[in-house]
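So the protein sequences, as listed, match chains A and B.
Residue numbers for the first sequence follow my numbering, beginning at 1 and rising by one.
Residue numbers for the second sequence follow my numbering, beginning at 1 and rising by one.
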Amino acid sequence: MSVLVYTESEQGKFKKVAFEVASYAKAVADQLGTSVTAVAVNVEDTSALANYGVDKVLSVKNPVLDVFNAKVYADVIKQAADKESSQVVILSSSANSKYLAPLLAVHLNAGYASNVVALPSNTSPFTVKRTAFTNKAFEFMQINTAIKIIGLSNNSFGLVESSGNATSEAFSPSITESGIKVESVDKVTGKVAIADADIVVSGGRGLKGPENWGMIEELADVLGAATACSKPVSDMGWRPHGEHVGQTGKPVAANLYIAIGISGAIQHLAGINASKVKVVINIDPEAPFFKAADYGVVGDAFEVVPNLIEKLKAFKAQQ
Amino acid sequence: MKILVCISHVPDTTSKINFTDNDTKFDANGVQFVINPNDEFGLTRAMWFKEKQGANVTVVNVGGAETEPTLRKALAIGADAAIRVNTAATDGFSVAKQLANVVKEGGYDLVIAGRESIDYNGGMVPGMIAGLVDSNFVNNCIGLEIEGTTVKAVREIDGGKETLTTELPLVIGGQKGLVEESDLKIPNMRGIMMARQKPLTVVEPVEAIAETNATKFEKPAPKGAVKLVSADNLDELVNLLHNEAKVI
Ligand SMILES: Cc1cc2nc3c(=O)[nH]c(=O)nc-3n(C[C@H](O)[C@H](O)[C@H](O)COP(=O)(O)OP(=O)(O)OC[C@H]3O[C@@H](n4cnc5c(N)ncnc54)[C@H](O)[C@@H]3O)c2cc1C
Ligand SMILES: Nc1ncnc2c1ncn2[C@@H]1O[C@H](COP(=O)(O)O)[C@@H](O)[C@H]1O
């Protein structure tokens, strides 16, 4: 018996989220009085996992797995779970993990809770707290199957270091036929993805037009942030669809969300509310976003943002 | 091509969310229900396959009789037939099991579901259907073209997109991007009239045991008041973000 965690990587290196799910897995294993086994795919050096409480790493190396395929990956994780007799399997909320999780759930006959935001509130019956109604509420979900799958919400647990030793073991699962072929991957390079971002800078219709996004990108640059936008902004084609956040767009669970020229409609707030700290910059003191934010500046974005960029540059220079 | 579009019946996006029975049940009182937005994109894409490629489109919901107006709306938008599996939707797995049965019985080539429902946000039903009927699966689908049985699909990934090829039978978890917002169909008078003549079949559920259940709901803690910083004093904002919020 062990807690199994899938630690995601990109180009041979762990993603930050891998350390968050590992930290969480360690805490769950402590609750259950067991150990943590991680599955790592094509990662050159897995030793960093020991710093987050992993006891054993099943290191899979196979060039076929260089391209992500949900069915194949779900099958690899299933074989690891079988081998380890895992009771609990922990995944992140990345697009890839959310893609493979329901397939894995079917193959393991496991109940799956997505968007989990805290440690199990009870281990028997096994109960987790998750967001529902697009962040307008929390649900306590009881999982009744022998094996449980938890999809952890990004940035909800954080990184918890713990010293230890992780043994690494080569693991060679059989690779299934996938039925799906990846023809091309189109990733904007040099930009932070919303899902991976600690900070997100988001612009709304108050910015008047796509030509004014230079300052949004510069602010994001200074902060190492991802850029996002409200729905009308992507509907009008000012920004790509992939940047649309909210109830019908991407969810945002960043540490810091900065909304510029966004009114704060309920559908927008629902999607970004899981972010820890929210800052709003809006010319209208009555904008609903001020009710949902932690910090606010009433002012014209065209003055405030360039000014804020200067202040932040000065701040960063001192650090 | 036979298409099945899974329609989840959800509270309108502007709904206030409340609970009853000691916070164990969603309070549907006064709530307007709509087609789940992700399913609306899928349904509109299905209409395109119907108009351009002669596909036959059935919509399905697992739920009680109260969901029928939502299915009628889908018929008014242009679906050919509707099925309601007569059982309360309990958890994602049991819903997927009902839908997988409908898929098997009806021999559908393409199953269009949404990336997630905006009520319980499980994000699991389409993948579970695919797992249960053993067909190909594309999640976060933002582009779909089909020639014969060959499929070209585009999937949104973190920080970009991916183009895939696969074969029918296929299940997708669709979302915005599958069609443009401006192409979303609103039922017109003629559609509403025609929908009355279209079949809405009620089928009884197969046995499916829920794997999970909600024991309690909780609303987020009320938010403290916003701290306003003057536009002339942005040093203070930087200071607060660094020293108080500790996020930069
Ligand atoms: C079914 C459905 C789903 C939806 N899903 C989403 C979703 O997922 N995400 C989403 O974002 N929306 C969604 N919406 C749309 C939502 O209701 C709002 O219409 C939208 O969020 C408004 O975008 P906005 O704040 O950019 O624009 P507006 O509401 O037009 O607000 C612009 C803001 O900019 C401010 N402003 C103007 N000039 C300046 C200036 N110079 N400096 C600073 N501020 C300025 C104004 O005071 C105003 O508050 C959805 C709607 C529906 C019906
Ligand atoms: N009760 C239901 N009846 C029909 N389809 C459903 C039902 N619940 C979920 N779905 C479909 O599955 C998708 C994802 O739902 P979920 O896994 O609940 O987030 C929805 O967008 C629908 O297409």
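Note that the Cβ used here is the ideal one computed from N, Cα and C, for glycine as well.
Given the structure is predicted, the values throughout are model-derived calculations rather than measurements.
Inset, instruction - Assign B:Ala195 to one of three DSSP states: helix, strand, or coil. - result: Residue numbering aside, residue 195 of chain B sits at position 195 when the second sequence is read from its first letter. DSSP places B:Ala195 within a helical segment (H, G or I) once states are collapsed to three.
Legend entry - Same chain, Cβ closer than 7 Å to B:Lys216, neighbours up to 5 away in sequence not counted: By one-based count along the second sequence, residue 216 of chain B stands at place 216. Cβ within range, chain order: Asp23, Thr24.
Inset, instruction - Indicate, with yes or no, if ligand 2 has a heavy atom lying under 7 Å from the CB of B:Pro187. - result: Taking the first residue of the second sequence as position 1, residue 187 of chain B is located at position 187. The closest heavy atom of ligand 2 lies 7 Å or more from the beta carbon of B:Pro187.
Legend entry - Between the CA atoms of A:Phe140 and A:Leu103 - distance to the nearest angstrom: Within the first sequence, numbered from 1, the residue matching residue 103 of chain A stands at position 103. Within the first sequence, numbered from 1, the residue matching residue 140 of chain A stands at position 140. A:Leu103 and A:Phe140: Cα-Cα distance of roughly 23 Å.
Legend entry - B:Lys216: CB within 7 Å of a non-hydrogen atom of ligand 1: Counting from one through the second sequence, the residue named residue 216 of chain B turns up at place 216. No, ligand 1 has no heavy atom inside 7 Å of this Cβ.
Legend entry - Given B:Met139 as reference, the closest of B:Asn29, B:Glu244, B:Asp39, B:Ala245 once Cα atoms are compared: Along the second sequence, read from residue 1 onward, the residue named residue 139 of chain B stands at position 139. The sequence given here places Asn at residue 139 of chain B; Met does not occur at that position. Considering only alpha carbons, the answer is B:Asp39.
Legend entry - beta-carbon A:Gly246 near ligand 1 non-hydrogen atom, thresh 7 Å: The residue labelled residue 246 of chain A in the question sits at position 246 within the first sequence. Yes, since a heavy atom of ligand 1 falls inside the 7 Å radius drawn around the Cβ of A:Gly246.
Inset, instruction - Would you identify the three-state DSSP class for B:Gln175, choosing helix, strand or coil? - result: Against the second sequence, residue 175 of chain B aligns to sequence position 175. If DSSP states are grouped into helix, strand and coil, B:Gln175 belongs with coil.
Legend entry - Rounded separation between B:Val226 and A:Phe302 - CA only: Indexing the second sequence from 1 puts residue 226 of chain B at position 226. Indexing the first sequence from 1 puts residue 302 of chain A at position 302. When the Cα atoms are used, B:Val226 and A:Phe302 turn out to be separated by approximately 22 Å.
Inset, instruction - Identify each residue in the segment 294-309 of chain A for which the Cβ-Cβ distance to at least one residue of chain B is less than 9 Å, and report them in chain order. - result: Asp294, Tyr295, Gly296, Val297, Val298, Gly299, Asp300, Glu303, Val304, Asn307, Leu308
Legend entry - is_contact[A:Gly249, chain B] using C-beta, thresh 8 Å: In the first sequence, residue 249 of chain A corresponds to position 249, counting from 1. So, interface residue.
Legend entry - Extent of the continuous beta strand (DSSP E) run through A:Lys148: Walking along the first sequence from the start, residue 148 of chain A turns up at place 148. Per DSSP, A:Lys148 belongs to the beta strand (DSSP E) from 148-152.
Legend entry - Chain-order list of residues whose beta-carbon lies under 6 Å from that of B:Arg72 (same chain, five-residue window excluded): Taking the second sequence and counting its residues from 1, one reaches residue 72 of chain B at position 72. Counting only Cβ-Cβ distances below 6 Å, and skipping sequence neighbours, we find Ala195.
Inset, instruction - Could you check the C-alpha separation between B:Asn233 and A:Gly261 for me, to the nearest Å? - result: Looking up residue 233 of chain B in the second sequence gives position 233. Looking up residue 261 of chain A in the first sequence gives position 261. Answer to the nearest angstrom: the Cα atoms are 19 Å apart.
Legend entry - Interface flag, B:Leu164 vs chain A, CB-CB below 8 Å: As a working note, residue 164 of chain B is residue 164 in the second sequence. Chain A, which has a Cβ nearer than 8 Å to the Cβ of B:Leu164, makes this yes.
Inset, instruction - Could you name the residues of chain B that A:Asp66 contacts, counting a contact when the two beta carbons are closer than 7 Å? - result: Here residue 66 of chain A refers to the residue found at position 66 of the first sequence. Here the premise fails: no neighbours, minimum Cβ distance about 14 Å.
Inset, instruction - Determine the direct distance from the alpha carbon of B:Gly107 to that of B:Val133, and round the result to whole angstroms. - result: Within the second sequence, the letter at position 133 stands for residue 133 of chain B. Within the second sequence, the letter at position 107 stands for residue 107 of chain B. Each residue's Cα considered, the two are about 11 Å apart.
Legend entry - Terminal residues of the beta strand (DSSP E) in which A:Val297 lies: Here residue 297 of chain A refers to the residue found at position 297 of the first sequence. Unbroken beta strand (DSSP E) run through A:Val297: 295-298.
Legend entry - Within-8 Å CB hit, B:Val34 to chain A: As a first step, residue 34 of chain B must be located in the second sequence, where it is residue number 34. Not an interface residue.
Inset, instruction - Verify the contact flag: B:Ile77, CB atom, against every heavy atom of ligand 2, threshold strictly below 7 Å. - result: The residue you call residue 77 of chain B lines up with position 77 of the second sequence. Answer for B:Ile77: no, Cβ out of range of ligand 2.
Legend entry - Length at least 3, wholly inside the segment 44-124 of chain A: the beta strand (DSSP E) runs in chain order: 56-60, 88-91, 111-116
Inset, instruction - Sort A:Ala118, A:Ala317, A:Val89 by Cα distance to A:His107 and report the nearest one. - result: As a working mapping, residue 107 of chain A is identified with position 107 in the first sequence. Ranking A:Ala118, A:Ala317, A:Val89 by Cα distance to A:His107 puts A:Val89 first.
Legend entry - Run of the alpha helix (DSSP H) containing B:Met128, from where it starts to where it stops: By one-based count along the second sequence, residue 128 of chain B stands at place 128. Its alpha helix (DSSP H) spans residues 125-133.
Inset, instruction - Could you spell out where the alpha helix (DSSP H) holding B:His9 opens and where it closes? - result: To locate residue 9 of chain B, count along the second sequence from 1; it is residue 9. Segment 9-11 is the beta strand (DSSP E) holding B:His9; no alpha helix (DSSP H) there.
Inset, instruction - In angstroms with no decimal places, state the Cα-to-Cα distance between A:Pro173 and B:Leu75. - result: For the purposes of this step, residue 173 of chain A is taken as residue 173 along the first sequence, with counting starting at 1. For the purposes of this step, residue 75 of chain B is taken as residue 75 along the second sequence, with counting starting at 1. C-alpha separation (whole angstroms): 46 Å.
Inset, instruction - Check each residue of the segment 81-113 of chain B: if its Cβ is closer than 9 Å to any Cβ of chain A, include it; give the result in chain order. - result: Of all residues in the segment 81-113 of chain B, Asp91, Gly92, Phe93, Ala96 have a Cβ within less than 9 Å of some Cβ in chain A.
Inset, instruction - Determine which residues share a DSSP beta bridge with B:Ala81 and list them. - result: Taking the first residue of the second sequence as 1, we reach residue 81 of chain B at position 81. Looking at the DSSP assignment, B:Ala81 forms a beta bridge with B:Thr58.
Inset, instruction - May I ask you to list the residues that DSSP assigns as paired with A:Met141? - result: Within the first sequence, residue 141 of chain A is the residue found at index 141, counting from 1. The partner list for A:Met141 (beta bridge, DSSP) reads A:Val128, B:Ala214.
Inset, instruction - With a threshold of 7 Å, establish whether the CB of B:Gln32 neighbours any heavy atom of ligand 1. - result: As a working note, residue 32 of chain B is residue 32 in the second sequence. No; taking the cut-off as 7 Å, the Cβ of B:Gln32 has no heavy atom of ligand 1 nearer than that.
Inset, instruction - Name the residue from A:Gly151, A:Glu161, A:His244, A:Asn115 whose alpha carbon lies nearest to the alpha carbon of B:Gln175. - result: Here residue 175 of chain B refers to the residue found at position 175 when the second sequence is read from its first residue. Out of A:Gly151, A:Glu161, A:His244, A:Asn115, A:His244 has the C-alpha closest to the C-alpha of B:Gln175.
Inset, instruction - For A:Glu177, return the contacting residues in chain B, with the cut-off set at a CB-CB distance below 7 Å. - result: As a working mapping, residue 177 of chain A is identified with position 177 in the first sequence. Result: empty, since nearest Cβ-Cβ is about 11 Å, beyond 7 Å.
Inset, instruction - Work out the CA separation of B:Val34 and B:Gly78 for me, nearest whole Å. - result: Here residue 78 of chain B refers to the residue found at position 78 of the second sequence. Here residue 34 of chain B refers to the residue found at position 34 of the second sequence. Between B:Gly78 and B:Val34, the C-alpha separation is close to 16 Å.
Inset, instruction - Determine the chain B residues that contact A:Pro288 at a beta-carbon separation under 9 Å, and present them in chain order. - result: If you number the first sequence from 1, residue 288 of chain A lands on position 288. Under the 9 Å cutoff, chain B gives no residues; its nearest Cβ is about 11 Å from A:Pro288.
Legend entry - Residue of B:Gly122, B:Gly143, B:Met128 minimising C-alpha distance to A:Gly151: If you number the first sequence from 1, residue 151 of chain A lands on position 151. Measuring from the Cα of A:Gly151, the nearest candidate turns out to be B:Gly122.
Legend entry - Exposed unless 16 or more other CB atoms sit within 10 angstroms - verdict on A:Lys313: Here residue 313 of chain A refers to the residue found at position 313 of the first sequence. The residue is exposed, with fewer than 16 neighbouring Cβ atoms inside 10 Å.
Inset, instruction - Compile a chain-ordered list of the residues in the segment 138-167 of chain A whose CB is closer than 7 Å to at least one CB of chain B. - result: Only Phe138, Glu139, Phe140, Met141, Gln142, Ile143, Asn144, Thr145 from the segment 138-167 of chain A bring a Cβ to less than 7 Å from some Cβ of chain B.
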